[in-house]
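Notes for the one structure printed next.
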Amino acid sequence: MRLADKDIIEQLQKQILVLQGNHKPGSEQLSVGLGEIETAFPGNVFPRAAVHELISSSAEDASSTNGFISVILGKLMQKNGCCIWISNKRKIFPPALKAFGIDPERILFVDTWKVKDALWTIEEALKCDALTAVVGEISEISFNDSRRLQLAVEKSKVTGFIHRQQPKVINAVACVSRWKISPVASILPGKMPGVGFPRWNVELLKVRNGQTGKWLLQWSPKGLEYISEQISTTKMYERETA
677 MRLADKDIIE
687 QLQKQILVLQ
697 GNHKPGSEQL
707 SVGLGEIETA
717 FPGNVFPRAA
727 VHELISSSAE
737 DASSTNGFIS
747 VILGKLMQKN
757 GCCIWISNKR
767 KIFPPALKAF
777 GIDPERILFV
787 DTWKVKDALW
797 TIEEALKCDA
807 LTAVVGEISE
817 ISFNDSRRLQ
827 LAVEKSKVTG
837 FIHRQQPKVI
847 NAVACVSRWK
857 ISPVASILPG
867 KMPGVGFPRW
877 NVELLKVRNG
887 QTGKWLLQWS
897 PKGLEYISEQ
907 ISTTKMYERE
917 TA
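Going by my numbering, the sequence shown opens with residue 677, and the numbers climb by one from there.
Here it is in structure tokens:
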């Protein structure tokens, strides 16, 4: 392969990554506070201007998933960003978002009776470029529906999260990633009795042009801790402040 051809291919690859939300317009765009998880994505950048799918099979999983989404939202919304949270069956408790550095007043919560209405609302919200992010809590979504959502964010550059709670079928969708978050028993220092900081088993089941993986995390006011059970050590990734 000629050097000129290699340069052309590399430029095309970079342009494709930009279209998929994997761009680096500035240092403030490099991280959403997930630490080493972000190395799983192309260019080591969490895809923005993209839709991410998260699967929950139980109420406990749903709670952990909303916590994980909130970690990312807390970073995305640092500079006075706004979000719309749309639910067919809402599971989030708005005041609890303060634990993740999110002012609940900056999120508009929309509850719908039907999944069809929720999907329409999610699509319209994703078209609004004044928003930072959109979260949709639904159960079922078709490939065509997910494709419309992805096309919407490619124009608006909004980051979308589709949280599917107890779906009947885990079908193929056009989202750039698929996650599964499940709770893990917390541990207090010195094995004291009581409830510690939340721990999650985070699985990246699918990612476009990236690497899947599995991590054990703990959230505290200081940020995320990556836990290695084999060597009993933790690696801290402190949350950046605005």
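Ideal Cβ placement from N, Cα and C applies to all residues, glycine included.
Source: prediction; values computed, not measured.
At a Cβ-Cβ threshold of 9 Å, Gly777 and Val810 do not count as neighbours. For Thr741, the enclosing alpha helix (DSSP H) covers residues 735-752.
By the neighbour-count criterion, in which 16 or more other beta carbons inside 10 Å mark a residue as buried, Met868 falls on the exposed side. For Ser734, the number of other beta carbons within 10 angstroms of its own is below 16, and it is reported as exposed. Lys856 and Gln894 have their C-alpha atoms roughly 15 Å apart. Contact between the region 878-886 and the region 710-725 is present: three or more C-beta pairs spanning the two stretches fall below 8 Å. Judged by DSSP in its simplified three-state form, Phe873 adopts coil rather than helix or strand. Ser746 has its alpha-carbon roughly 11 Å from the corresponding atom of Asp779.
Apart from sequence neighbours up to five positions away, the residues of its chain that approach Leu784 with a beta-carbon distance below 8 Å are Cys758, Cys759, Ile760, Trp761, ordered along the chain. Residue burial is scored here from C-beta neighbours: Gln887 has fewer than 16 other C-beta atoms within 10 angstroms and is therefore classed as exposed. Considered as a whole, the region 743-826 harbours 759-763, 783-787, 809-814 as its complete beta strand (DSSP E) runs of no fewer than 3 residues, in chain order. Judged by DSSP in its simplified three-state form, Thr715 adopts helix. Rounded to whole angstroms, Thr788 and Pro865 show a C-alpha spacing of 42 Å. Contact between Cys804 and Ser832 holds: their C-beta atoms lie close to 6 Å from each other, under 8 Å. In the DSSP annotation of this structure, the continuous segment of the beta strand (DSSP E) that includes Leu892 starts and ends at 889-896. Between the alpha carbons of Arg824 and Ala794 lies a gap of roughly 14 Å. For Pro723 and Val852, the gap between their C-alpha atoms comes out near 8 Å.
Distances from the alpha-carbon of Glu879 to those of Leu730, Ile748, Ile768 put Leu730 closest. Here the C-alpha atom of Lys765 lies approximately 18 Å from the C-alpha atom of Phe744.
Distance between Lys774 and Ala726, taken at the CA atoms: about 25 Å. Straight through space, the alpha carbons of Val786 and Ser862 are spaced by roughly 32 Å.
Residues of the same chain with a CB within less than 6 Å of the CB of Gln826, apart from the 5 flanking positions on each side, are Val727, Ala850 in chain order. Within the same chain, and ignoring the five residues on either side of Val829 in sequence, the residues whose Cβ sits closer than 8 Å to its Cβ are Gly697, Ala725, Ala726, Val727, Leu802, Thr835, Gly836.
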